[in-house]
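Q: My questions all concern the structure below.
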Amino acid sequence: MLTRYFTLILLCASTALAQPATHPAQRVRAPLMTLADKAATPIELQRLEISADISGGMAETTVRMVFFNPNRRRLEGNLQFPLADGQQITGFALDIKGDMRPAVPVDKARGREVFEAVARQRVDPGLLEVTQGNNFKLRVYPIEPQAVRVVELRYSEALVRRAQAWAYKLPLAYGTVRDLDLKIRVNDSAAPPQASGALAGLAFEQVGNGFQARASRTRFSTDGALDIVTRASAEPRVYRQQLGDTAWFVADIPVKSVRAARTAPRVIGLLWDSSGSGANRAVDAELAELDRYLTALNNVEIRLTRLRDRPEATQTFAVRGGNWSQLRRALETTVYDGATALNDWKVDPAVNQYLLFSDGLYNYGGARFPQLAAHQQLFALTSSLAADSARLAALAERQGGQLIAIDRAAPGAGAQALLFQEAHVDSISATGATEIEMDSHTVRGAMLRVAGRVLSPQAALTVTLVNGGKRETIVVPLPADAVPHPRAGAMWASFRLRTLEADFEAHRGEIARIGRRFGIPTRETSLIVLEEVSDYLRYGITPPAQLVAEYERLQRAANEQRAGQRRDHFARVVQGFEERKTWWERTFAANRRKAPPVAGAARLEAQPSMEAFLPMPATAPPPPPPESVVVTARRSMALAMAPQESQKAADSGTRSNFAAAGKIAPSIGIALRKWEANAPYMDRLKRAPADQVYQVYLDQKADYANSSAFFLDAADILAARGQADLALRVLSNLAEMDLENRAVLRILGYRLLQAGQPQLAVPVFEQVQRIAMEEPQSFRDLGLALSAAGRQQEAVDMFYEVALRPWHDRFPDIESIALAELNAIVATSSHKLDTSRIDPRLLASLPLDLRVVMTWDADNTDMDLYVTDPTGERCSYQNQLTAQGGRMTRDFTGGYGPEEFSLRRARPGKYKIEANFFGSRQQVIAGATTLQVKLFSQFGTARQREQLITLRLKEASETVFVGEFEVKP
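Numbering (our numbering), first residue to last: 107 to 1075.
Here it is, written out as structure tokens:
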């Protein structure tokens, strides 16, 4: 609860950032979060300092917030907030040792790695990152008990032009603020600005060539906004910034736009985003604009395709005399559920115009957005403040259309934009300038903005417009003495990023370079603040200017040390794999006196495996509970070669070291306990007839929208009732829950693999890898998904990355586990794989009779795997090698796993598998921990069988029975 309250207070502040006049004015819907501590006291916003600097059509706003933690425990603060189209974060600072420390750019995955590593040391990091679209997350740690923490955000924006004036809006809905200090400066203005709304009495006085106003308030509270109107020039204005040896310009070009009627389409392709996040759009406003548009068209054919985790079958509707009642009823009854896969649809050559109604928050699938034919246009329409406006605009403009923001405050404007074409750019060129970018190809608000890099003092810009069906040319000089502006370069960067958004996957490198160059958060870069110079040095991050000298001095000594550390890491990996081979080749005694049982087991909440997605294996005669699914097979066990023989075979590029031997395998059964969740929603779901389960799920969805367990359990029940497509839709909602939450996405990926959908799991794990490059699990999980999808070579390469890269010491033995999986793929592949880049010392087939692997979703959490053999001896982190040869990898005490149990030769009898929740050190209060336990028989052979169970543990010291192997003579 403590963290959640801090989040909501900041959300009030962030809502203030997100209300420009160009965008729909509806209030932001804050994310719903689970409260863990009902007795906690909310974080207090003690002081708020706001300063705004307005220069013509651009403004930069700085918000400094002083928070007080009245509780007696240290907190991590999380802020998630959207900015509107045209706004850009340009700075972030955090108080460090009494001074404000500015953030510096860092690659996004690296930033998250560093934040979490430094937070574990209980020192002061801060991280600001983009999640999706223009949505941001700020993480601050720690907020000490009975102490204050100061956070400063800076953002720039292009103002809206209204008639002959610029309009700047500063919402002030921060709740109750003990002290407010406000400063507004308007530069290069001949007439005093006018203030209205909250603080309407604000008085401006002339200072130099501009005007300034200040205000101070105590116990200030309002849910309104301050509106400032300044006089706009009727002539083009050029602003310039010298950034190092590069000069950047931004040109504001007023255009008196003359509208021209568009050619009416005969067939419209209506792409209706029906994903879970679609319910957050102002659908009533969208339908109102669609009504105006279709009424004006009078007669047209509509081909409706609903988009969510997968596209639904297209429906055709005929609009005659403006009557579209059937289509309207269909849209009004749309069920908003599932993830957002906006790219997964086929172009219909008969369609003239596509209308995409969406928030643009694509989060599912790996398809590229379709390319339309030359005669087709795409218009993107959104009523969501949190929309990925930049991507929607780039997609639409690339396809000859434009982004249309639907605003309840401007009824009919959306329909007019579809019916009429405003002035738009036909061509643009420059002399003495390069890298020209525009905020939009269409003139918006009687204004065209262009930015670029100046090469010559006599530079000029030439813009050719199509205006009212006619061409006109505007020439704008770019003088060396243009009005200086500190964010002209950042404005160019925001325009360029907008262009790249249409196909951002292909431009990730350039996006990252822009973020680093201009110090702004992007899809690929974040902003970070660290406490000590040694922290910047340890993680290879260039610090703020005041720390650079000390950083460079320390860096020289550190470079040589890092090279040695990489060599030492790989030597340890080779040694670890040699130890694994030595264990595999060893002969163990058959018997040992039974160890005493370990007492204590606690209540759990768990879920059944999604076996209904997959073909069921043969079922054994029914024994007493637990329910048993037995997989029996005979196979040849591969024979390990001596180390020198393995070396020789690998050097020659052959697979002879994976030759089969003649040992006959035992008959091995796998029995998993069928878990049942006991959550309140389960009773109704289980009692519902098969054809009503989905409706019952929808009825309860609003109450559990923030619970991953709800979607997992509902998907399981749907799958068990034979409704696999709906089960996958429900499961895909995990992608909508929390933007870029790797824990939730990992669960989604695991369950997609369990459901036999590796082609859907691969892009999920690719996203996780981008989010958390610092975690070896991100590479291992992707390798498992690639292997399941039949992409063995890519899987082998991914597993080898786990072995090559140095990882934090909280990930023990993961290299050995990944190498076992790599070698199993090589041994069982139906075709020869390229292993030439793999060190031959790491190539050896080590098949196993039994193998168990456990992973979990919570960081800073210690889970333990127990396997008890037929003699009663338990293999665990306390007893890593049993008399029979059962081997447990080292204990994962810092999060995620995997922990692995291996047994080469299984003696007859039953092997009991258990999981234990030892404890958690998370700073952010979390719910239950989700575990994945996978059981293998005949691992690393052509007859390998495996089963997976997912369960949830809530309390430390819980020990639960997972399942068992039964080995028959």
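Ideal Cβ positions, reconstructed from N, Cα and C, are used throughout, including at glycine.
According to the neighbour-count rule (16 or more other Cβ atoms, all chains shown, within 10 Å of its Cβ), is Ser-640 buried or exposed?
A: Ser-640 should be labelled exposed.
Q: Less than 7 angstroms between C-beta atoms, sequence neighbours within five positions excluded: which residues of the same chain meet that for Asp-287?
A: Contacts found: Glu-155 and Ser-322.
Q: Going by Cα to Cα distance, which pick from Gly-558, Ala-296, Ser-295 and Ala-301 is closest to Pro-277?
A: Taking only the C-alpha atoms, the option nearest Pro-277 is Ala-301.
Q: Could you spell out the range, first to last residue, of the alpha helix (DSSP H) harbouring Ser-838?
A: From DSSP, the alpha helix (DSSP H) with Ser-838 extends over 830-838.
Q: Measure the Cβ-Cβ separation of Pro-912 and Pro-208 and say whether it is below 8 angstroms.
A: The answer is no: Cβ separation not under 8 angstroms.
Q: Can you tell me the Cβ-Cβ gap for Gly-575 and Ala-366, rounded? I've got them flagged as a contact below 8 angstroms.
A: Indeed, because the Cβ distance is near 4 angstroms, the residues count as touching under 8 angstroms.
Q: With DSSP run on the structure shown, which of helix, strand or coil describes Gly-303?
A: Correct three-state label for Gly-303: strand.
Q: Compare the C-alpha of Lys-807 against each of Leu-837, Ala-830 and Ala-536 and name the closest.
A: Comparing Cα-Cα distances from Lys-807 to each of Leu-837, Ala-830 and Ala-536, the minimum goes to Leu-837.
Q: Looking only at its chain, what residues have a beta carbon closer than 8 angstroms to the beta carbon of Ile-920, apart from the 5 residues adjacent to it on each side?
A: Here the set comprises Pro-882, Gln-883, Arg-886, Val-908, Trp-913 and Pro-1004.
Q: For Pro-729 and Met-788, I'd like the C-alpha separation in whole angstroms.
A: Note that Pro-729 scores a pLDDT of 35, beneath 50, so its modelled location is shaky; the value from the coordinates is reported in the next line. Answer to the nearest angstrom: the Cα atoms are 27 angstroms apart.
Q: Verify whether the separation of the beta carbon atoms of Met-596 and Val-581 is less than 8 angstroms.
A: According to the sequence provided, residue 596 is Ala. The question's Met does not apply to it. No. Outside cutoff.
Q: How would you write the range of the alpha helix (DSSP H) that Leu-403 sits in, first residue to last?
A: 389-403 is the extent of the alpha helix (DSSP H) around Leu-403.
Q: In whole angstroms, what is the alpha-carbon distance linking Gln-898 and Ala-1048?
A: Looking at the two C-alpha atoms, the distance is approximately 14 angstroms.
Q: Between which two residues does the alpha helix (DSSP H) holding Pro-882 run?
A: Counting along the chain, the alpha helix (DSSP H) containing Pro-882 begins and ends at 882-894.
Q: Which of the three DSSP states is assigned to His-1081 in this structure?
A: Missing from the structure shown is residue 1081; the chain here goes from 107 to 1075 and no further.
Q: In whole angstroms, what is the alpha-carbon distance linking Glu-638 and Ile-620?
A: Taking the straight line from one Cα to the other gives about 26 angstroms.
Q: Here's the rule: buried if 16 or more other CB atoms are within 10 angstroms of the residue's CB, otherwise exposed. What is Ser-381?
A: When all chains shown are included, Ser-381 counts as buried.
Q: Could you check where the alpha helix (DSSP H) with Ser-262 kicks off and where it finishes?
A: Ser-262 -> not in any alpha helix (DSSP H); beta strand (DSSP E) instead, spanning 253-264.
Q: Quick one: any contact between the region 613-631 and the region 231-251, if contact means 3 or more CB pairs under 8 angstroms?
A: Contact holds: three or more Cβ-Cβ distances are below 8 angstroms.
Q: Any idea what DSSP makes of Thr-128, helix, strand or coil?
A: Since pLDDT at Thr-128 reaches only 37, below the 50 mark, its modelled position is unreliable, and the value read off the structure follows with that caveat. The answer is coil: DSSP assigns Thr-128 none of H, G, I, E or B.
Q: Output the distance between the C-alpha atoms of Val-572 and Ser-533, rounded to the nearest integer angstrom.
A: Computed Cα separation, rounded: 9 angstroms.
Q: Per DSSP, Lys-289 is paired with what?
A: Answer is Ser-157 and Arg-320, bridged to Lys-289.
Q: Taking DSSP as the reference, what is the three-state secondary structure of Pro-946?
A: Reduced to three states, the DSSP call for Pro-946 is helix.
Q: Where do the ends of the alpha helix (DSSP H) carrying Tyr-642 lie?
A: 639-644 is the span of the alpha helix (DSSP H), which, as asked, contains Tyr-642.
Q: Check whether the region 457-465 and the region 481-497 are in contact - that is, three or more C-beta pairs closer than 8 angstroms.
A: They touch, by the three-pair rule.
Q: Answer with buried or exposed for Phe-526, where buried requires no fewer than 16 other C-beta atoms within 10 angstroms of its C-beta.
A: Classification of Phe-526: exposed, given that the 10 Å Cβ count is below 16.
Q: Can you give me the C-alpha to C-alpha distance between His-547 and Leu-461, rounded to a whole angstrom?
A: Taking the straight line from one Cα to the other gives about 18 angstroms.
Q: Which residue comes first and which comes last in the beta strand (DSSP E) that contains Asn-175?
A: Unbroken beta strand (DSSP E) run through Asn-175: 164-175.
Q: Does the region 1013-1022 touch the region 961-974, meaning 3 or more C-beta pairs lie closer than 8 angstroms?
A: With a cut-off of 8 angstroms, the region 1013-1022 and the region 961-974 count as touching, because enough Cβ pairs lie within range.
Q: Any idea what DSSP makes of Ala-608, helix, strand or coil?
A: DSSP places Ala-608 in helix when its eight states are reduced to three.
Q: Please state the DSSP three-state secondary structure of Asn-469.
A: Residue state, collapsed to three classes: coil.
Q: Going by the DSSP bridge assignment, what does Thr-200 pair with across the sheet?
A: Thr is not the amino acid found at residue 200; the sequence shown has Leu there. In the DSSP output, where bridge partners are listed per residue, Leu-200 has Arg-207 and Val-257.
Q: Just checking my contact of Tyr-274 with Ile-334 at CB under 8 angstroms: how many whole Å lie between their CB atoms?
A: About 4 angstroms; that satisfies the 8 angstroms criterion.
Q: Where does the unbroken beta strand (DSSP E) through Asp-968 begin, and where does it stop?
A: Segment 967-974, the beta strand (DSSP E) holding Asp-968.
Q: Is the distance from the Cβ of Gln-1044 to the Cβ of Leu-1054 below 8 angstroms?
A: No.
Q: Name the DSSP beta bridge partners of Gly-551, please?
A: The partner list for Gly-551 (beta bridge, DSSP) is empty, contrary to what the question assumes.
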